[in-house]
Structure formats: structure tokens, C-alpha cells
Amino acid sequence: MTAPVETQKLARDWISRSNRVRLWEIALWVIAVAAIFLLPSKLLILTEITILAIFALSLDLILGYAGIVSLGHTAFFGLGAYAAGILARDYVSEPVTGLIFAGFISGLFGFATSFLVLRGSDLTRLMTTFGVAMLLAEVANQAAWLTGGADGLSGIMLTPILGLFEFDLFGRNGYVYALVVLAVLTFIARRLVHSPYGLSLKALKLNPRRSAMIGISATRRIVAIYTLSAVYAGMAGALLAQTTSFVSPDVLAFHRSAEVLLVLVIGGTGYLYGGVVGAIIFTLLRDWLSVVTPQYWMFWIGLILIALVLIGRERLTRWPALLNRKATTRAATQLAEEPR
Amino acid sequence: MTHALETRNLSKRFGSLVATNDVSLSVAKGARHALIGPNGAGKTTLINLLTGVLTPSSGQILLEGEDITATPAHHRVGRGLSRTFQINQLFADFTPLEALMLAIGEREGQGSMAWKPLSKNHAIIDEAASLLDRFRLTDALSTPTKLLPYGKQRLLEIALAIAARPRVLLLDEPAAGVPEEERHEVLGIVRALPADVTVVLIEHDMDLVFSFADRISVLVAGGLFKEGTVEEISHDPQVKAIYLGEDA
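Going down the list, the protein sequences come from chains G and F.
Mind the numbering: the first sequence is residues 9 to 348 in this note's numbering, read in order.
Mind the numbering: the second sequence is residues 66 to 313 in this note's numbering, read in order.
Here it is as C-alpha cells:
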């Protein structure tokens, strides 16, 4: 048996290690920044990827960490887009103000609807979240005086970001802006999932029954993460409205909820970067397929989705875990063989 | 004197099935109390009622003299009532270290801290480490629970309940499925609990019950059939006929 102090050291080391910034994380950010200079003609699609990544990160917070499935996550995305769009059109045209305002409005709505996902099975949650998004889409469609209805919300004029950086024609500042938002939100999420709170969320996902028996009150924890996730999604929506100066009623459409789920399935859940990886793969794949087979790209996306799920999402997409797995299995085998 | 745990006319009906029938049970502070009875006697149902997994149809539950009948399960833990499950209820992807840190953190009311990294929580890490040592899980510290051998998982099951520092601990067949050579290790850990921790044990293995408990309650068909000291129960002809007869 190991001496107590030795075990403490082992434990502290292991926890620090599991929290450490990985090499591939740094590489990812370096590439994202380098793209500003290396791919100046691709900045619009990179902005699109970044926004989708934020949206998927938002879904990962509830799906990957708290185990809450949603088929209506675009309710928060769309609400954020409209909130930012209307604020810019009628009141304040500074983007960061709009971003925070959109996050606040979506967060408020997330908080108000969080009770719908507290209890019930996955199916209940799928249907209630789906229903909420549908309701909101219809409200936006009917309230044409505010939202522009089916024509969408136009006439958004934005002043420079923080009064300093103007949105340029090539989308350079727009991309930098979205990337900074992604970085800040990822940093916050990273901090959160490596905290005692983050651990308790994963516990609720893994085994709600045991969680109750070690004294975790599920309600507050779920309300909090659902609200935060709504804030994130709202900010992603705001970024879309601001970088395109337009809000289409399409932001609340069902296909967006499905798309973000698909992105996360491709990228993998529960390690924070699934959204980024998924957004890159999905967007590039979609663009490539729509060039190669303009009429059938959905067919291929569908086929890939089926393949992904059949082969096993975990095996195929959780590449960081995959790298660690061999070592872990070896350790377990040794343990099992150890004489008792 | 107030009892550590008490039920008054506790009943639970599932439709027409009476799983717990008018059970009035008192467990003294610091007792080592065993609950025995044939399969289907309602032992696990009783534990589920006590811990708040199920809501009783009628009757009362008192923990250290206070009525907790309507207290939600997760609040009972904070009041000092902790349990293990007959079938392991663990966190498959967590390492034993993470699981124990979770349980200790919740006990200390730190579970909603969202900004402090786990790695900065030295007091919690160190306490988890000492529990790992005590439960012989040190070597398994960083192995996901689902990859651990069953005996180790069983030890973690108990370690998680003890991490809550309970005053009343309910053990639902703690040694079930544990290889023979590890059984005494498990029970040794339970016996080594401080004397002021009240332990209620459900167990099928009579040797274990007789060596561990100071009082025994016999449940039959959901009702409390007999209660007494180990000496009384082991020599009771009716108990022998109903229950021990099946095994012995």
C-alpha cells in the first residue's frame, strides 16, 4: 500500500494533468489566428464556422455535460439574432453592447424555459425544446412590425466595434470579433467544466440516482447550465446578425436545431472542442459537397451521419480520448491481473 | 432518548401489493443493526423509503428525532443519512478520485462553485486520497470506474457513501458479488467506522450478520416479524422455520 503523502501527490498530479491545456488546443488557436493572414479571401466562411462553433459549444454545455438533449436549441440562437438586430436597428448600434444584450435576452428566455427540461425522458425533452422553438418561430413570423416577418429584419447599421474597429468588406474584423468571442466563451466554459460545479453536472448526466444520494440538488444545477447555454447561443445568433447585417426568419427554423446537433455529433460531445471540430468539418464538407454534387449534398451528409452513428460516435470522433484509451486500458488490465 | 433512525407505521403499497406493511422500527444511536428476511420481504423497499428514493403511502420516518418523511432525497444526505446500493450505482466514466472528490465537495457545499478549478481544491484532493488509501483504491486512482474489477467497484460504492460522513449509514448487501477473499476487507472497513456512526445492514450472509450486528430485525412479507439481539434471533424457532431454515 502506498503511503498517504504519496497518494496525495499522485492525486494532485492527476487532477492537475487532467486540467492542463493540451498541445492540440494551442495548435487549434494558432491556426485560427494564422488564418487571418494566410486565408484573407476565406474570412467570411471562417466567420460562419466560428459562429457555428459557438452555437455548438452552447449545445455541448447542456448535451455533453448535463446530458440534456435538445431539438430546439435554435430558439436561443434566433432570439439572440433578433435581439441584437432590433437593438442595432432602433436603439444602440455598437456591436458589443448588442452582443451582451442578446446574451441577456436569450439567457432570460433560457431561464424561463429551463423548467421544461428538468424532468422527463429524452423524448420529453426533445419534444418540449422542439415545441418552444416552433412557438418562437411563429411569434417572429407574426410580429412583422418588430421583426420584419417573413421578409426578415433589415436596416441594421452597425457602428465600429467598441467604437474602434469597423466591419470591413472582407470580413476581417468580423472574423477577429467572432474569434475573440469564441475564445472568451471557450475560456469560461473550460474553467467551468473543470470546477466542482462542472464535475457535478457530469455526475448528473452519468448517474442521476447516485447523484441524489451524495446530496446533489439537480434542479439548480440544471437551470444554471441551461441558462448559460442559452446565453451562449444568443451570442452566436447576435454575431450572425451583426456580421451579416440581416436577420432572416430562417434563424428560428428547425433545420438549424438539427444542424447544430449534427455538428456536435460529428465533432464529439463533452470535451468542449467538439463544436469547433464539428463546425469546421461540417461547413467544409457542406461547401465541398454542394460544389461537387449541388443537388445531392444533403444525401451525402445524411449518409455520413448514418455512418458516424453506426460506427460509433465515440470511437470515431472523440479523438483526444482515443489517444488516451490505450494507456488507460493497459493500466486496467494490469490492475485486474494484480494478485489480490 | 432519541433514536438515530425511527419509522412509525411505515407502509408502501404498489397497487394491491403491500411492499412495506406497517413497519415501526427503532435503531439506537451507534447501533449495528441488521435487517434480514427472505427474498421479496421488502428490505430494499424499506431502504428506498428511508433514503427518499420512494415516497411512503403512509407513516413517518424520523432521523435523530426529526421528521424527514417529506424531505427530498438529496437533503437527507446533508442531514447525515447515507447509503450504498445493492447494485452498484457509480459514475462509469469518472475515476475513483473524481467520484470521491465529487462526494466530498458536495458534503462541503462546494458543488456549485463554478470558477474554482478542482486542482486548486487541495483539502478535497487530500481527503479523497486518504479515502483511496483506506479503501485500497490507490492503484485504481486514475482508472475510469467502468474498467475496474467488480470488487474494486464495490469498495468505491461504499467509499462514496462514507465520503458524505454520515451519522446513519445504510448498507444494502455490501458484500454481494464480492469475491470471497475480499469480503472481509469490505466488512473490516465497515466495522472500523467510528462507534457513533449508526449502521443499518441488509445482508443475506448469516455468518456476516451474526458477526457484525448487535441487533437484528426480521422482515417477512413487508412487515416486521421479529426483532431482538443476535442471540435471541439466532435461537428463535419461528425465525429459524421461516427464514434460517431456507438457508441452513
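Beta carbons are placed, not taken as given, at the ideal position from N, Cα and C, and that holds for glycine.
None of the values given here were measured: they were computed from a predicted structure.
Problem - F/LEU82 versus F/PHE159: straight-line alpha-carbon distance, rounded - result: Taking the first residue of the second sequence as position 1, residue 82 of chain F is located at position 17. Taking the first residue of the second sequence as position 1, residue 159 of chain F is located at position 94. Taking the straight line joining both Cα atoms gives about 38 Å.
Practice task
Throw me the rounded Cβ distance for the G/LEU207 and F/MET166 pair, which I believe falls under 8 Å.
Solution key: Residue mapping note: residue 207 of chain G aligns to position 199 of the first sequence, counting from 1. Residue mapping note: residue 166 of chain F aligns to position 101 of the second sequence, counting from 1. With 8 Å as the limit, G/LEU207 and F/MET166 qualify as a contact, their Cβ atoms being about 7 Å apart.
Practice task
Could you name the residues that DSSP lists as bridge partners for F/ALA99?
Solution key: Position 34 of the second sequence, counted from the first residue, corresponds to residue 99 of chain F. The partner list for F/ALA99 (beta bridge, DSSP) reads F/LEU266, F/ILE281.
Practice task
Please look up how many angstroms separate the CB atoms of F/ALA229 and F/VAL142, rounded, as I've assumed it's under 8 Å.
Solution key: The count along the second sequence starts at 1 and reaches residue 229 of chain F at position 164. The count along the second sequence starts at 1 and reaches residue 142 of chain F at position 77. The pair is a contact, with the Cβ atoms about 6 Å apart (cut-off 8 Å).
Practice task
Pull out every residue of the region 190–203 of chain F whose Cβ sits closer than 8 Å to any Cβ of chain G, in chain order.
Solution key: ILE190, ASP191, ALA193, ALA194, SER195, LEU197, ASP198, ARG201, THR203
Exercise for the section: Just tell me which of G/LEU134, G/GLY283, G/ILE222, G/ALA141 has its CA closest to the CA of G/GLY72. Expected result: As a first step, residue 72 of chain G must be located in the first sequence, where it is residue number 64. It is G/GLY283.
Practice task
Drop a sphere of 10 angstroms on the beta-carbon of G/LYS213, count the other beta-carbons inside from all chains shown, and report buried for 16 or more, exposed for fewer.
Solution key: Numbered from its first residue, the first sequence carries residue 213 of chain G at position 205. The residue is buried, with at least 16 neighbouring Cβ atoms inside 10 Å.
Practice task
To the nearest angstrom, report how far apart F/ARG248 and G/ILE274 are at their CA atoms.
Solution key: Counting from 1 along the second sequence, the entry for residue 248 of chain F is found at position 183. Counting from 1 along the first sequence, the entry for residue 274 of chain G is found at position 266. In a straight line, the C-alpha of F/ARG248 is about 45 Å away from that of G/ILE274.
Handout entry: Residue environment, F/ASN186, which counts as buried when at least 16 other CB atoms sit within 10 Å
Key = In the second sequence, counting from the first residue as 1, residue 186 of chain F sits at position 121. Flag for F/ASN186 reads buried.
Handout entry: Distance cut-off 7 Å: F/GLU250 Cβ against heavy atoms of the ligand NAP
Key = The ligand NAP is not part of the structure shown, which contains no ligands of any sort.
Problem - Spatial distance of F/GLU268 from F/THR109 (CA atoms) - result: By 1-based counting over the second sequence, the position of residue 268 of chain F is 203. By 1-based counting over the second sequence, the position of residue 109 of chain F is 44. In a straight line, the C-alpha of F/GLU268 is about 11 Å away from that of F/THR109.
Practice task
State the beta-bridge partners of F/GLU171 as determined by DSSP.
Solution key: Start at 1 with the first residue of the second sequence, and residue 171 of chain F comes out as number 106. According to DSSP, which records beta bridges pairwise, F/GLU171 is partnered with nothing at all.
Exercise for the section: Classify G/THR325 as helix, strand or coil using the three-state DSSP reduction. Expected result: Here residue 325 of chain G refers to the residue found at position 317 when the first sequence is read from its first residue. Model confidence at G/THR325 stands at a pLDDT of 48, short of 50, so the residue's coordinates are unreliable and nothing is read from them.
Handout entry: Close beta carbons around F/THR208, own chain, < 8 Å, minus the five adjacent residues each side
Key = By one-based count along the second sequence, residue 208 of chain F stands at place 143. Answer for F/THR208: THR160, PRO161, listed in chain order.
Exercise for the section: With DSSP as the reference, please indicate the residues paired to G/GLY115 in a beta bridge. Expected result: Here residue 115 of chain G is taken as the residue at index 107 of the first sequence, counted from 1. Answer is none; G/GLY115 lacks a bridge partner.
Problem - Cβ of G/ILE224 within 8 Å of any chain F Cβ - result: Sequence index remark: in the first sequence, residue 224 of chain G carries index 216 (1-based). Answer yes: the Cβ-Cβ gap between G/ILE224 and chain F drops below 8 Å somewhere.
Exercise for the section: Using alpha carbons as the reference points, say which of F/PHE79, F/VAL265, F/GLY176, F/SER91 lies closest to F/THR72. Expected result: One-based indexing of the second sequence puts residue 72 of chain F at position 7. Nearest option by C-alpha distance: F/SER91.
Exercise for the section: For G/THR277, decide whether its Cβ has a neighbour in chain F, counting only Cβ atoms nearer than 8 Å. Expected result: The sequence position of residue 277 of chain G within the first sequence is 269, counting from 1. Answer no: the Cβ-Cβ gap between G/THR277 and chain F never drops below 8 Å.
Problem - Nearest-angstrom Cα separation, counted from F/VAL264 out to F/ALA96 - result: Taking the second sequence and counting its residues from 1, one reaches residue 96 of chain F at position 31. Taking the second sequence and counting its residues from 1, one reaches residue 264 of chain F at position 199. For F/ALA96 and F/VAL264, the distance between alpha carbons rounds to 6 Å.
Practice task
Please confirm if F/ASN186 has its CB atom under 8 Å from at least one CB of chain G.
Solution key: For this step, residue 186 of chain F is matched to residue 121 along the second sequence. Taking Cβ atoms only, chain G reaches closer than 8 Å to F/ASN186, which makes this a yes.
Problem - chain F contact for G/ILE230 (CB, 8 Å cutoff) - result: Taking the first sequence and counting its residues from 1, one reaches residue 230 of chain G at position 222. So, not an interface residue.
Problem - Residue of G/ARG229, G/PHE178, G/SER122 minimising C-alpha distance to G/PHE45 - result: In the first sequence, residue 45 of chain G corresponds to position 37, counting from 1. Out of G/ARG229, G/PHE178, G/SER122, G/PHE178 has the C-alpha closest to the C-alpha of G/PHE45.
Exercise for the section: Output, in chain order, the set of chain F residues within a Cβ distance shorter than 8 Å of G/ASN215. Expected result: Numbered from its first residue, the first sequence carries residue 215 of chain G at position 207. Correct list: GLN154, LEU155, PHE156, ALA157.
Handout entry: Boundaries (first-last residue) of the alpha helix (DSSP H) holding G/PHE45
Key = The sequence position of residue 45 of chain G within the first sequence is 37, counting from 1. Here the alpha helix (DSSP H) through G/PHE45 covers 31–46.
Problem - G/ARG30 at chain F interface by Cβ criterion, 8 Å - result: The sequence position of residue 30 of chain G within the first sequence is 22, counting from 1. Output row for G/ARG30: interface = no.
Handout entry: 7 Å Cβ shell around F/LEU252 - same chain, five flanking residues per side excluded
Key = As a working mapping, residue 252 of chain F is identified with position 187 in the second sequence. Once the five neighbours on either side are set aside, the close Cβ partners of F/LEU252 are ALA240, LEU273, PHE277.
Practice task
Could you tell me which residues DSSP pairs with F/GLY288 in its beta bridges?
Solution key: Along the second sequence, read from residue 1 onward, the residue named residue 288 of chain F stands at position 223. Note: F/GLY288 sits in a beta bridge opposite F/VAL285.
Handout entry: Cutoff 7 Å; reference G/GLY106; Cβ partners in own chain excluding five residues on either side
Key = For the purposes of this step, residue 106 of chain G is taken as the residue at position 98 of the first sequence. Cβ within range, chain order: ALA92, LEU95, ALA96, VAL100, ALA246, GLN250.
Practice task
For F/PRO42, return the contacting residues in chain G, with the cut-off set at a CB-CB distance below 7 Å.
Solution key: Summary: the structure shown does not reach residue 42 of chain F, with chain F confined to residues 66 through 313, and so no result is reported for it.
Practice task
Would you kindly work out how many angstroms separate the C-alpha atoms of G/VAL217 and G/ALA186, rounded to a whole number?
Solution key: Counting from one through the first sequence, the residue named residue 217 of chain G turns up at place 209. Counting from one through the first sequence, the residue named residue 186 of chain G turns up at place 178. The sequence given here places Arg at residue 217 of chain G; Val does not occur at that position. G/ARG217 and G/ALA186: Cα-Cα distance of roughly 40 Å.
Problem - Min CB distance G/ALA220 to chain F below 8 Å - result: Locating residue 220 of chain G in the first sequence gives position 212, where the first residue counts as 1. Output row for G/ALA220: interface = yes.
Handout entry: 7 Å Cβ shell around G/ALA110 - same chain, five flanking residues per side excluded
Key = Position 102 of the first sequence, counting from 1, holds the residue named residue 110 of chain G. Closer than 7 Å at Cβ, skipping near neighbours: GLY88, ALA91, ALA92, GLY242, MET243, GLY245, ALA246.
Practice task
With distances taken Cα to Cα, identify the nearest neighbour of G/LEU154 among G/ASP176, G/PRO257, G/LEU200.
Solution key: Position 146 of the first sequence, counting from 1, holds the residue named residue 154 of chain G. Closest by alpha carbon: G/PRO257.
Exercise for the section: Compare the C-beta of F/HIS139 with all C-beta atoms of chain G and state if any pair is closer than 8 Å. Expected result: Along the second sequence, read from residue 1 onward, the residue named residue 139 of chain F stands at position 74. Cβ-Cβ to chain G under 8 Å: yes for F/HIS139.
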